[in-house]
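This report concerns only the one structure given below.
Residue numbers (our numbering): 9 to 590.
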């Protein structure tokens, strides 16, 4: 309806010859929802904006525009009001049409058919498999998964992927940390080096791997002479020396096999946590496998062929400054190993090779420099920089009893995603994560998330849905039925302010989907559902639905059923359940 109103205003301004056609094409006509139905359902401030430019009184100009708006189907009236607003009142038939559409389309209501659908690969979380997912990863998971569903609802094709950084130095450090734990379980008394993974989860991995026949480490104990430190070295030098020692003693192949086993167990654990959180990916992409297939080397060769690399200090550098980066980047280290950046270039080039139009990465806010360097890497591979888009997700702070939570009471390290879900539940965790814009810091109130009252927004929305189904259950218990067609035929009988507010809110849903997807603002949908739930609760408290008047009864049941459809659909996009009983 907003587009129709914009068109009417353009036609009116053109007919009145208030501006030239070229000037009219540059004017942005903004249509907003009115908060008070006494002022109609839509309002426009174009007269206020044009009055200064044209040197005319804003209210007179508003009257001039409204006088040129011809009768339009769906509009009851159009009026100009001080100081120069133009208000639009929808006809009863138009308001009834909204409810009819929801009931007929069900879960498809609000779905968009875009003229330019994109083939999007959405990568999110992609935490290194070096430890359990924590609460920060949880926010990325909730946002990324909901964004994928939202973009699909908006008419795009979305393929979700988790990039597993299962290669390189950090994986070797993890393997060494687990290996020391295994040796200690077998009777050694080694101390974990200064740079190592210290979490209690290592104990479980060590126990699982020591029972495996994949890697035989008993000969390490038989050889003896195992050392766990190089006190005279720096922490970085020490860990590299220890890794080299154990690779030599165990054998490179056995050490790599151990690393693969550790990585596999960690990825399995991460998958399990995400699935319990309601997040399932289309694909898990392994960096290690990509390197084995030679994709990184092929990418570097192409960069060489494009004359975009140079040697400096024994390393190979890429001229990323040619494409807007603040400095050039190393792709091959002095020791001949490729960098993480080289892998990132190969991975993103592979995404383009697979035919995706838009490479959408959801990253933590500490990756703020990645857009420039990754974009430069793509450009160096003759791919458009604009094909890459990055959404940065800000940090999360947990609060309990008005105090910031510093540590996990069980692990002694950090709050894991599984611990959070165990404490507040998946629904509350997912909703709270997306209730605030992803680019703003989030204070997560654990006490509020666990509460079962109207202060808790997810409970408030779910309770509105359950209340509607309580009415439908009561109808059934009274031996009555809901005649949907009768409800549709009698929607014009819905004339109270509460009913108009709900109908108006339902009509906003397609626009919310479109704009939220365009701006990647999942929180806008969460806020919309809170507002719709508020209208439902107010309606529930003010009116009876199972009334004697059969036509009015079916009309009211049609309205709340439509509201339940939209609540259910919106919550499903956010990965939150819509219970029928609470």
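For glycine and all other residues, C-beta sits at the position ideal for the given N, C-alpha and C.
Source: prediction; values computed, not measured.
Reduced DSSP category for residue i - H, G, I as helix; E, B as strand; rest coil
i	result
residue 442	helix
residue 88	strand
residue 337	strand
residue 41	strand
residue 585	coil
residue 275	helix
residue 422	coil
residue 205	coil
residue 196	coil
residue 238	coil
residue 165	strand
residue 126	coil
residue 1	Residue 1 lies beyond the range of the chain shown here (9 to 590); nothing can be said about it.
residue 320	strand
residue 142	strand
residue 627	The question about residue 627 has no answer here: the residues shown for the chain are numbered 9 through 590.
residue 153	helix
residue 331	helix
residue 172	strand
residue 614	There is simply no residue 614 to check, as the chain begins at 9 and stops at 590 in what is shown.
residue 50	strand
residue 488	coil
residue 502	coil
residue 326	strand
6 Å CB neighbourhood of residue i in its chain, flanking five on each side removed
i	result
residue 157	581
residue 462	468
residue 160	166
residue 290	167 and 168
residue 548	475
residue 331	384 and 387
residue 251	180 and 184
residue 544	472 and 571
Cβ shell of residue i (< 7 Å), same chain only, five flanking positions each side left out
i	result
residue 228	191, 234, 257 and 258
residue 37	14, 17, 18, 52 and 54
residue 496	108, 111 and 566
residue 66	55, 56, 59, 91 and 92
residue 267	179, 180 and 183
residue 147	401, 404, 441 and 450
Distance, residue j Cα to residue i Cα
i	j	result
residue 563	residue 570	11 Å
residue 102	residue 112	15 Å
residue 211	residue 485	56 Å
residue 20	residue 91	19 Å
residue 275	residue 33	54 Å
residue 22	residue 62	14 Å
residue 432	residue 478	25 Å
residue 483	residue 512	26 Å
residue 367	residue 280	26 Å
residue 73	residue 520	28 Å
residue 77	residue 118	28 Å
residue 553	residue 572	14 Å
residue 493	residue 380	56 Å
residue 420	residue 475	Any answer about residue 420 is weak, because its pLDDT of 42 lies below 50 and its placement is not dependable; what the coordinates show is given next. If you take the alpha carbons of residue 420 and residue 475, they lie about 42 Å apart.
residue 98	residue 292	49 Å
residue 531	residue 188	45 Å
residue 414	residue 142	13 Å
residue 451	residue 197	42 Å
residue 659	residue 360	The structure shown does not extend to residue 659, since the chain is modelled only from 9 to 590, so the question has no answer here.
residue 94	residue 70	6 Å
residue 398	residue 362	19 Å
residue 40	residue 541	21 Å
Rounded distance between the beta-carbons of residue j and residue i, thought under 8 Å
i	j	result
residue 510	residue 456	Not really, about 26 Å apart at Cβ, beyond 8 Å.
residue 338	residue 324	7 Å
residue 201	residue 247	5 Å
residue 533	residue 524	5 Å
residue 365	residue 126	5 Å
residue 353	residue 389	7 Å
Proximal residues to residue i (C-beta, below 8 Å), its chain only, five neighbours per side dropped
i	result
residue 470	435, 579, 584, 585, 586, 587 and 590
residue 505	45
residue 448	402
residue 284	426, 429 and 434
residue 121	163
Residue i beta carbon near the ligand NAD (any heavy atom closer than 7 Å)
i	result
residue 469	In terms of ligand content, the structure shown is empty, and the ligand NAD therefore cannot be addressed.
Query raised in the report: Whole alpha helix (DSSP H) runs in the segment 516-576 with 4 or more residues, listed along the chain?
Result: Listed in chain order, the complete alpha helix (DSSP H) runs (minimum 4 residues) inside the segment 516-576 are 530-550.
Query raised in the report: Which runs of the beta strand (DSSP E) fall wholly inside the segment 54-120 and span at least 3 residues, in chain order?
Result: DSSP assignment within the segment 54-120 yields the following whole beta strand (DSSP E) runs of 3 residues or more, N-terminal first: 83-89 and 93-98.
**Report entry** Every unbroken alpha helix (DSSP H) within the segment 266-318, with a cutoff of 4 residues, ordered by chain
**Finding:** Listed in chain order, the alpha helix (DSSP H) runs fully inside the segment 266-318 are 295-300 and 303-313, counting runs of at least 4 residues.
Report task. Counting only runs of 3+ residues fully inside the segment 352-438, write out the beta strand (DSSP E) ranges in chain order. Result -> If you keep only unbroken beta strand (DSSP E) runs of at least 3 residues inside the segment 352-438, you get 366-372, 396-401 and 404-408.
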